[in-house]
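Visitor: Residues 149 to 396 in our numbering are what the sequence shown lists, from first letter to last.
First the structure, which I've put down as structure tokens, then a few questions once you've had a look.
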Amino acid sequence: MNLPNHIAIIMDGNGRWAQARGHSRFWGHIRGAKAATRTIRSAVDLGVKNLTLFTFSTENWKRPEMEVNFLMHLLSRQLKKELKMLMENNVHFSCVGDISVLPKHAQKALAETMQATKDNTGLNLVFALNYSGRQDLLSAAKEFALRAQRGEVDPHSVTEEDFNQWLAGSERPHPDLIIRTSGELRVSNFFLWQAAYSELYFTDKLWPDFKHDDFLAAITEFNHRERRFGQTGDQVARTSDSMQNDTL
Ligand code: FPP
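Structure follows, in structure tokens:
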């Protein structure tokens, strides 16, 4: 089986999962956090190299304060609880998004997890936190403008590769496969630039119900897709390595 080098997941449906069972949305987030841990384990077992989980978007701040606080405490608690598992499985943890505005307890838990796992060489696990694709593009555009102002880059010759390096997580390959749960057919301001050639996979499963078999089903579907990167099907068949050509 051809494993995607980078899988990114929009974990959606915690609230609906809980409400359908007569519970508060918070219960759905707790079960969602368990599903995240399960999926990290699945990625390790399958040998996936990069996994990004869209954990908190810049738009999620608009939720009721109590829910935001709950999500931030759940994040801190979950990181502390799963550190042993991350270490045992050689998982390297990092973030994309502006974490400097997260509550201090969450920043501390994130910093400790990043520090503890920094030399691990297995799965690269990335949490997108206070992240949005538009913010990412805007901050890269600002970086570009500042460099141009200082005369460090020539606006007329700036390339996609140049621009890409100013985006969050640019040291990682772009996602080959983006999974979204809960039946919503949107990318919701996730990786906008990075998703240019990603295969999109949507499932009706609500995130707390997402299990190893669902992860495998997404990867199996990915294997049936023909990735052409703008070429014809015949060209792709002739150059088997063209699958890896999304080099940005
Ligand atoms: C979606 O459900 C999910 C989020 C708010 C982001 C993901 C958060 C988790 C999976 C919980 C914490 C995870 C970790 C790793 C600590 P929703 O509330 O949007 O669901 P709804 O669309 O049914 O309302």
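Every residue gets a Cβ at the ideal spot worked out from N, C-alpha and C, and that includes glycine.
Restricting to runs no shorter than 4 residues, where is the alpha helix (DSSP H) found entirely within the segment 194-261?
Guide: 213-236
Visitor: With Gln-226 and Ala-259 assumed to form a contact (beta carbons below 8 Å), what rounded beta-carbon distance in angstroms separates them?
Guide: The Cβ separation is near 15 Å, so there is no contact.
Visitor: Under a criterion of Cβ closer than 7 Å to any non-hydrogen atom of the ligand FPP, which residues qualify, in chain order?
Guide: Met-159, Asp-160, Gly-161, Asn-162, Gly-163, Arg-164, Trp-165, Arg-173, Gly-176, His-177, Gly-180, Ala-181, Ala-183, Ala-184, Leu-201, Phe-202, Thr-203, Phe-204, Asn-208, Leu-219, Leu-222, Leu-223, Gln-226, Phe-275, Ser-330, Leu-354 and Trp-355
Visitor: In the segment 277-325, which residue ranges form an unbroken alpha helix (DSSP H) of at least 4 residues, counting only runs that do not cross its ends?
Guide: 281-297 and 308-312
Visitor: For Ala-191 versus Leu-271, is the C-beta spacing smaller than 7 Å?
Guide: Contact flag set, yes.
Visitor: Roughly how many whole angstroms lie between the Cα atoms of Thr-395 and Glu-309?
Guide: Since pLDDT at Thr-395 reaches only 47, below the 50 mark, its modelled position is unreliable, and the value read off the structure follows with that caveat. About 9 Å.
Visitor: If we count Cβ pairs, one from each stretch, closer than 8 Å, do we get three or more for the segment 191-205 versus the segment 156-165?
Guide: Yes, the segment 191-205 touches the segment 156-165.
Visitor: Just verifying my parser: in three-state terms, what is the DSSP assignment at Phe-275?
Guide: strand
Visitor: Restricting to Cα atoms, I'd like to know which of Gly-170, Ile-178 and Thr-187 is closest to Leu-364.
Guide: The shortest Cα separation from Leu-364 among Gly-170, Ile-178 and Thr-187 belongs to Thr-187.
Visitor: Can you check whether the CB of Val-274 is closer than 7 Å to the CB of Val-249?
Guide: no
Visitor: Judging by CA-CA distance, which residue of Asp-302, Asp-357, Lys-290 and Phe-241 is the nearest neighbour of Ala-276?
Guide: Phe-241
Visitor: Please go through the same chain and pick out, in chain order, the residues whose beta-carbon is closer than 6 Å to the beta-carbon of Met-233, but skip the five residues on each side of it.
Guide: none
Visitor: Quick check on Arg-328: does DSSP put it in helix, strand or coil?
Guide: Here Arg-328 sits in strand by DSSP.
Visitor: Going along the chain, which residues of its own chain have a beta-carbon closer than 6 Å to the beta-carbon of Leu-223, five neighbours each way excluded?
Guide: Ala-254
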